[in-house]
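Going by my numbering, the sequence shown opens with residue 87, and the numbers climb by one from there.
What follows is a short report on a single structure.
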Amino acid sequence: MFSKFFEPNSVAIIGASSKPLKVGHELLKNVIDGGFSGKIYPINPAAEEILGLKCYPSILDIKEPVDLAIIVVPAQAVPNAVKQCGEKGTKAVVIISAGFSEIGNKKLEEEVVQVAKQYGVRIIGPNCTGIINTHQNLYATMESRAGKGDIAFVTQSGALGGAVLAWAIEKRIGLSKFASYGNGCDVDESDLLNYLADDPQTKVITLYIEGVKNGRKFFEAAKNVTRKKPLIAIKGGLSAAGARSVASHTGSLAGNEAVYRTAFKQAGVIEADGIEEMFDMARALAYLEPMKGNKVAILTNSGGPAVLATDALEKLGMKVPEPTERILKELDFLPPICSRKNPFDLTAEGSPENYVKAFQAIFSEDYYDAGLIIDVPIAWDARGATEAARLLSEAIKKVGKPTVTCWMSGHLVKDAVVVFEENKIPNYETPKRAARALWALWSFKKEVKK
């Protein structure tokens, strides 16, 4: 069934508009400009053509089959639009339109659900911002078109989803699928999780929820996911004020914080503190293999950031142990000014070549489970940071241990960060963020063992 949503051969936009900045116009434009290769049908009884495409008065006037319908008409017109989809045989419908249970109009939403059930139609929405399958160039949304990747994002909040899509483009984070399900009158977060659990294009699932209607269903879906791939979640509405906001936003009951946290833990869900952390963790889990244990080697050219990294890792229950005698011997090439303890501090001797030799020495035996490499370049000559990134990218691939980097100093290291991104090596701007990402790798491994 979900292939009709995410892999359709044809899409109809019911409520397509010829007026720029109208939702029906921007959504249609996104589907066209995104490169969707299937048939696209604008539906508007008052127009003959929109954006160069023939316009139809109704979905029933289209002779060919229609796999997916996106509805962007006023709320009162939605039940009839869904009815016509059912009569057409279109079983997958996304309702962008708002004005339902989120504003207390439960009766209208129930009417939509009843019509859909009558015809065997499945609905995502209402009150949502659409869906994306980057691997099929399907951008059935009015939001930004994120690039291809391995991470799926499911969100109850459409506007937050739109913000994340725009942010992902800026941060060069690729997505596999995106689904904003809004009020979840039919298809809910659990249905989407079960679909994505078996999606070969998705390595990691990220989730923003404000409340769930069926706790047992969600728990089973989450367990189903974590048996196969990582699931990282943010639960909105944990505070009293946040819970009130949730009720007026999507019409959901926020639920008890302790209940959600217990359910997340028992289902193997990794809980994130915010969007940035969620995608920090997701990149590590999508790009790297899980850690076999919790021993981390820190390689740096600056003591301060290494201390912060050590503190962060230890607080998370990870270890930064001293090296073995064999590793110490491999590090004999380092000048006396360098520290051969963990953290391994190259100080001013942190040339690109020394970074690589030290990294190879540290992992010359199977002792450490992961690496965290830190670089703080000098302001007047940051060229070495990029060369070190290039050489280390090759070394990291050859060694094969999960390794994250922390190239600090903002604009001074932007070229180096691009090198890491091109090589699927996650870089983080602070030691704490790098430590949390490694913790996610270790945490998922622990849950898999359970």
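Glycine is no exception: its CB is placed at the ideal position from the N, C-alpha and C atoms.
With 16 other Cβ atoms within 10 Å as the buried cut-off, status of I460: buried
Counted within 10 angstroms of its Cβ, other Cβ atoms place Q352 as buried (16 or more) or exposed: So Q352 counts as exposed.
Touch test, the region 111-123 against the region 237-253, Cβ-Cβ under 8 Å, three pairs minimum: no
Per-residue DSSP class, three states only, for K568: With the chain represented from 87 up to 536, any question about residue 568 goes unanswered, as that position is not in the structure.
Inter-stretch contact at 8 Å, needing at least 3 Cβ pairs: the region 403-420 / the region 356-374: no
Neighbourhood of G360 by C-beta distance below 8 Å, restricted to the same chain and skipping five residues each side: I320
Assigned exposure category for T489 - 16 Cβ within 10 Å defines buried: buried
Best match in K149, N342, A520 for proximity to V393 [C-alpha to C-alpha]: Selection K149, N342, A520 evaluated against V393 yields A520 as nearest (Cα-Cα).
Contacts around N280, its chain only, beta-carbon distance under 8 Å, and the 5 residues preceding and following it disregarded: Apart from sequence neighbours up to five positions away, the residues of its chain that approach N280 with a beta-carbon distance below 8 Å are A307, N310, V311, ordered along the chain.
With 16 other Cβ atoms within 10 Å as the buried cut-off, status of A258: Contrary to the premise, residue 258 reads as Arg rather than Ala in this sequence. Burial call: exposed.
Straight-line Cα distance separating V499 from A465: 10 Å
Under 9 Å between C-beta atoms of A226 and G211: no
Length at least 3, wholly inside the region 370-436: the beta strand (DSSP E) runs in chain order: 382-386
For L278, the nearest candidate out of K483, W528, S89, T472 (CA to CA): S89
Residues near L477 in its chain [Cβ-Cβ closer than 6 Å; skip 5 each side]: P438, V442
Nearest to V159 (by Cα), restricted to the options M494, K378, K108, Q200: The residue with the shortest Cα to Cα distance from V159 is K108.
Under the three-state DSSP convention, the category G457 falls into: Looking at G457 - three-state DSSP - the assignment turns out to be strand.
Proximity of I218 and I181 at Cβ, strictly below 9 Å: no
Where H539 falls, given that 16 or more other Cβ within 10 Å makes a residue buried: Limits of the chain in this structure are 87 at one end and 536 at the other, which puts residue 539 out of reach.
Pick from G101, G297, G233, P376 that is closest to G268, judged by C-alpha positions: G297
Proximity winner among G247, K149, I237, relative to K174 (alpha-carbon distances): That would be K149, whose Cα lies nearest to the Cα of K174.
Rounded separation between N116 and L385 - CA only: Roughly 45 Å separates the two Cα atoms.
Of the listed residues A349, Y294, F304, nearest to G322 (C-alpha basis): Y294
Where R426 falls, given that 16 or more other Cβ within 10 Å makes a residue buried: buried
Three-state class that DSSP yields for V179 in the structure shown: strand
Any chain D beta carbon closer than 9 Å to P488: Absent from the structure: chain D. Only one protein chain is present.
Inter-residue Cα distance where the pair is C492 and N513: 5 Å
Nearest-angstrom Cα separation, counted from K483 out to L282: 28 Å
Spatially closest choice to I189 from A161, G172, N166, by CA coordinates: A161
Cβ-based neighbour list, K234, same chain, cut-off 8 Å, excluding 5 preceding and 5 following: T220, H221, G260, L261, S262
Where F365 falls: helix, strand or coil (DSSP): Reduced to three states, the DSSP call for F365 is helix.
Closest Cα partner of F305 within the set T396, E515, Y346, A202: The shortest C-alpha separation from F305 is found at Y346.
Counted within 10 angstroms of its Cβ, other Cβ atoms place A434 as buried (16 or more) or exposed: exposed
Member of K289, G301, N300, K299 whose CA lies at the smallest distance from the CA of R313: K289
N- and C-terminal bounds of the alpha helix (DSSP H) containing T472: 469-485
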